[in-house]
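Here the structure is laid out as structure tokens; the discussion comes afterwards.
Residue numbers (my numbering), protein chains in the order written: chain A, 1 to 363; chain B, 1001 to 1503; chain C, 2001 to 2415.
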């Protein structure tokens, strides 16, 4: 068995390696095809990032990781929460409005706003959960619809109740006392690693413990592997769907919180869109495993942040990394599928080798 | 010899799957215009052989000769062209398409997809008494009609050699007789039939020749006019077939499960179960016989709390459990062997020890409070593997890699652990090899002696008659007859299962 | 033999009744709109201009919905439609700039097809989950179009890193006599008649040939999928691929063809956005229309007629957000009446709970109409999404998707 273990670990590393190689090749081809220099591109990308960018990478990694965990909660349960984007948009807006209104002060305001974010994210995801459990509506379609509705709703509230400043609209700024900065590992002008990036660590550890050590986690994984078997084993699948959808949405509500309290201080033009979809991609890249997703988040954050350097020095536009990221995700799911089939064969061989002297042929 | 040229000759066929030898040195000769039976227990390699003859899979070794010509069959299309047609054990029909669409699919060139095809289907239907309406959706058809459609599909393609894979598994005795009448008409018209089965009575009844398979290879042939069941069983498994017979009654007076006037209505207001009442005492096995789809699954799911009855009462011991949830019922000591182990009984990708936890997530040794007890669960899995002879390399192997019999033994072992008071067993030996079958029967008998109450649902009438203390026949959601297994024959049960009329 | 004589006429009867009921529903619908137009005095509601805008808004959604239909009928869920559509917008811009609009459309189809090919390779050959592959393709599509635009378009005349303007559009056609006559009648603002005339006017005056092509594709798809043996084989792969395999159907081939066509159709939808719906390419132009197309297909119960109705509904509301807020407001009355009519139908069918729920919704909308004078623009934007959720919530159980839709199929798995 141990030989198989070593090999299977080797194989699990093989898949992402192939995927990354493939995305490098595709990226290079695309750059060369439009007449730019792939050499310039890669040398710029692989340069050691400047301190300011290093800080950015850490901060971005934290937010992408939270998003990935939110997606993974759904995936492990067999649910496709494509609605992270809408959930964290609405949740961020609600939390920013709440914190801006300053009902509380200091840390109390911070905690309360985070609770609001989680609650709003959970409720918004819960709509898809309720539609699925009571009316049998596929969560894929409903969350896609809810994404668009959430983004439009936020636009409506912002336009009608936001603070206007020149051409832009935003929620009320939070008071200086309730912002949570961070610490600057380099010089002050290089920026701070946000304190609330710690949420990513908590969420990651919590996810691992919940999934692998608890009964609830077992129920969740069982439901994800086979809804029918879960039902027969006494799990209430509807309840599980609703809970995990809301849990996923609740975590999604946290995605933008580090940035909000760390730097943005209001919901407006500084709001970072697209983290939800990045989170889904990273969850797929890291196979919904806590450690795998960490590497995925780091890779994606690195690509996104480092691509800013491209505008100086090269004629390659930064949006090239979107292709790299997309290809990496597609390649990784394909190679994992290939590896999985290969592994199933090995296991079957192992079984029949073990039983060769005693068993009859099975068809 | 009625015909100079044999319909099919298979010589030295071999097929290997990763780590498994499915077929080796298989020789079969089918004479023209005959019914040739291929028998062997589950897992003997019959299905693989059939798929090879039908071009679904390609052999690694050996030759196939059809009507005197050597052929290489790379796909079903080529098999169809060579005159081979196959009726699969699991019907290959698309429910949302009509009879006509299912029929012409892949053979559109023959008679088009319109009125030409419609006429041809009616012709075949009338010729063999199949009673098929081309424009009905397949989902409206019953099991026997679906099988007739499958045979008609094969004939529509002009097949002269028809493979039937376990065609009687889903039929009651009367429907089997009707099928045999159809088969005799087919051979009379010059077709050849390859009939795959493990039911020896039927084989002796219908076959002109018999070939026996065991462990992936052909081990002998027999003449049905002279062979006995005993000899065939000896060839098939090397010994007497296991018998489900139970010894003396162990029924006690204590009622463990009691259903009182249970009715279950679906969302459209149709009754799936109507007014069912039954009592199972400790030490009693109550068998439920019925044609599939007459409410057995719904009955089991209602008892297991997966469906809530519209009216009526369910008592477990002296507690009213009508509205209890599945988990509560399992905690109260109900063991459950579901009818479809892949869908309801196992997490196929998960290792053995995690499957030990499934269904027992709230009971020691699997858990400690809200936490999973990994060590406890693993130790208890080792015990099941030992006591129930589950053949697996280790408890970290994914369940998918196990054979059907070993998967089923794992489930039975799991459901028997923690001393259940009631066992709900749906088709506990379906699709398992004789060794596992005998073992599972043994475990049920043993637990019954120890006072376990058992509800046994099965399509295998011999199993029901052998194991049960009482048999209830279910038809369209109602109990239509109670039988004493000591008195009843499969034919009597079959008549009751179809409402007393021959199909 | 009794079945022989009765089945054929009975089947025709069903078809006739169905198409008749569609006709009635259509006529009642137009009557309702006309009624609302007169009651609320908003002629804009069915002005030829409104309808023309609606047709233009409908076409991209319709093309995407058809793309969804082809893929899902072969059992492949394609939420990569959005990404394939984005690729189409870029393809249309690039090829039109160099070779004119028709090559441009072909280019849009080609780029969409490449997106479809990726999806087919991942889902059919490698058995990757369809949703996962679709998500990845949406990322790749958006990234590729953005990057290629930034890399290439700034050097073009009328181009910039995020747009390419001044593209030649496909020809528009007008049918002279009919167009003028319809115009005259429409201007009378008669009940019902003028509304129909407006519709005819919009269809016969300066209508893009590409619009006509997209509408024609609905008919072509319906005929190919339901009236040919090719279509039967393709649909069988979505219903029971194992059964299809045992009958000699090459399932992989049909799934590939279906997904490629699906991608090409989505690409054409994207091309329509760049060439007809606006004056050129811009990044992010699709704005989720691929998803709305998917919604229209589900709304239409995986059928060509149904998805046409869905696309028209969404297209009509989509076009209204560009028009004045009063006409949108009067639509509330239409929605309220529609809901109440639907409630009456449910009550007639004795679906009490459903009827009550729909009645309450109808009354709420009616109250909204009576108590306000305008609808915020954002609410119009949301309409397709909210409608889809409602339709799914009310009718998901009755919807009938292909039985093996979204399932991974492997060759040799039959039996």
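Note that CB positions come from ideal geometry on N, CA and C, so glycine has one too.
- Message: Please classify residue 360(A) as buried or exposed, where buried requires at least 16 neighbouring CB atoms within 10 angstroms.
- Response: Summary for residue 360(A): the model assigns pLDDT 42, below 50, so the residue's position carries little reliability; its value from the coordinates is reported in the next sentence. The residue is buried, with at least 16 neighbouring Cβ atoms inside 10 Å.
- Compile a chain-ordered list of the residues in the region 2038-2059 of chain C whose CB is closer than 7 Å to at least one CB of chain B. none
- Contact check, residue 2078(C) vs residue 1093(B), beta carbons under 8 Å: In this structure, residue 1093(B) does not lie closer than 8 Å to residue 2078(C) by Cβ.
- At which residues does the beta strand (DSSP E) containing residue 1084(B) begin and terminate? Here the beta strand (DSSP E) through residue 1084(B) covers 1084-1087.
- May I ask which residues mark the beginning and end of the beta strand (DSSP E) holding residue 1256(B)? 1255-1265
- Message: Check for me: the alpha helix (DSSP H) holding residue 306(A) runs from which residue to which?
- Response: Where residue 306(A) is concerned, the enclosing alpha helix (DSSP H) stretches over 290-306.
- Report the option in 1149(B), 1224(B), 1442(B) and 1413(B) whose CA atom is closest to the CA atom of residue 1346(B). 1413(B)
- Task: Using a Cβ-Cβ cut-off of 8 Å, state whether residue 1452(B) counts as contacting chain C.
- Result: no
- Item | One or two residues paired with residue 1042(B) in a DSSP bridge | Answer by DSSP bridge pairing: none, since residue 1042(B) is not bridged.
- Ordered along the chain, which non-local residues of its own chain (more than five positions away) have a Cβ less than 6 Å from that of residue 2265(C)? 2063, 2066 and 2067
- Classify residue 1046(B) as buried or exposed, calling it buried when 16 or more other Cβ atoms lie within 10 Å of its own Cβ. With 16 or more neighbouring CB atoms inside 10 Å of its own CB, residue 1046(B) falls in the buried class.
- First and last residue of the beta strand (DSSP E) that includes residue 1063(B)? Where residue 1063(B) is concerned, the enclosing beta strand (DSSP E) stretches over 1061-1066.
- With a cut-off of 8 Å, does the C-beta of residue 2076(C) fall near any C-beta of chain A? In terms of beta-carbon proximity, residue 2076(C) stays away from the interface with chain A, with every pair separated by 8 Å or more.
- May I have the straight-line CA-CA distance separating residue 1452(B) from residue 1064(B), to the nearest angstrom? 52 Å
- Message: What are the residues in the region 211-232 of chain A lying within 9 Å of chain B by C-beta distance?
- Response: 212, 213, 214, 215, 216, 217, 218, 219, 221, 222, 225, 226, 228, 229, 230, 231 and 232
- the region 2371-2391 of chain C: which residues have C-beta closer than 7 Å to a C-beta of chain A, in chain order? 2376, 2378, 2381, 2382, 2385, 2386, 2388 and 2389
- Burial state of residue 107(A), where buried means 16 or more other Cβ atoms lie within 10 Å: exposed
- Item | 8 Å contact criterion, which residue 2185(C) and residue 2169(C) should meet: CB distance rounded | 28 Å between Cβ atoms; not a contact.
- Item | Proximity winner among 180(A), 151(A) and 353(A), relative to residue 261(A) (alpha-carbon distances) | 180(A)
- Run of the beta strand (DSSP E) containing residue 1281(B), from where it starts to where it stops: 1271-1281
- Taking residue 310(A) as the reference, which of 44(A), 33(A) and 25(A) has the closest Cα? 44(A)
- Query: Taking the continuous alpha helix (DSSP H) assigned at residue 129(A), which residues delimit it?
  - Reply: Taken as a continuous stretch (DSSP letters only), the alpha helix (DSSP H) holding residue 129(A) covers 106-135.
- Task: Could you tell me the distance, in whole angstroms, from the CA atom of residue 313(A) to the CA atom of residue 307(A)?
- Result: 11 Å
- Please list, in chain order, all residues of the same chain as residue 1083(B) whose beta carbon is under 6 Å from its beta carbon, the five residues on each side excluded. 1159, 1160 and 1161
- Between residue 2054(C) and residue 2278(C), is the Cβ-Cβ spacing less than 8 Å? no
- Task: Would you identify the three-state DSSP class for residue 2008(C), choosing helix, strand or coil?
- Result: With a pLDDT of only 40 at residue 2008(C), under the threshold of 50, the placement of this residue in the model should not be trusted; the figure read from the coordinates follows. Helix at residue 2008(C).
- By how many angstroms is the C-alpha of residue 1182(B) removed from the C-alpha of residue 1048(B)? Answer to the nearest angstrom: the Cα atoms are 26 Å apart.
- Could you list the residues in the region 2213-2234 of chain C with a C-beta less than 7 Å from some C-beta on chain B, going in chain order? 2229, 2232 and 2233
- Item | Partner residues on chain C for residue 156(A), Cβ-Cβ distance less than 8 Å | 2376, 2378 and 2379
- Task: Quick one: residues in its chain with C-beta nearer than 6 Å to the C-beta of residue 17(A), no 5 flanking neighbours on either side, listed in chain order?
- Result: none
- Look at the Cβ atom of residue 2283(C), then the Cβ atom of residue 2270(C), and state whether they are nearer than 8 Å. Result no, Cβ atoms of residue 2283(C) and residue 2270(C) do not sit closer than 8 Å.
- Query: Does residue 2001(C) come within less than 8 Å of chain A when only Cβ atoms are used?
  - Reply: At residue 2001(C), the pLDDT of 32 sits below 50, so the modelled position is not reliable; the number obtained from the coordinates is stated separately. No, residue 2001(C) lies away from the interface with chain A (no Cβ there is under 8 Å from its Cβ).
- Task: Measure the beta-carbon distance from residue 396(A) to residue 336(A) and round it to whole angstroms, keeping in mind my assumption that it falls under 8 Å.
- Result: Residue numbering for chain A in the displayed model covers 1 to 363; residue 396(A) lies beyond these limits and cannot be assessed.
- Item | residue 1454(B) - containing beta strand (DSSP E), residue span | Looking at the DSSP string, the run of the beta strand (DSSP E) that includes residue 1454(B) is 1453-1457.
- Message: Can you tell me whether residue 1069(B) is helix, strand or coil according to DSSP?
- Response: In the structure shown, residue 1069(B) sits in a strand (DSSP, three-state: E or B).
- Kindly confirm or deny that the region 105-119 of chain A and the region 133-143 of chain A touch, where touching means at least three C-beta pairs closer than 8 Å. No: fewer than three Cβ pairs fall under 8 Å.
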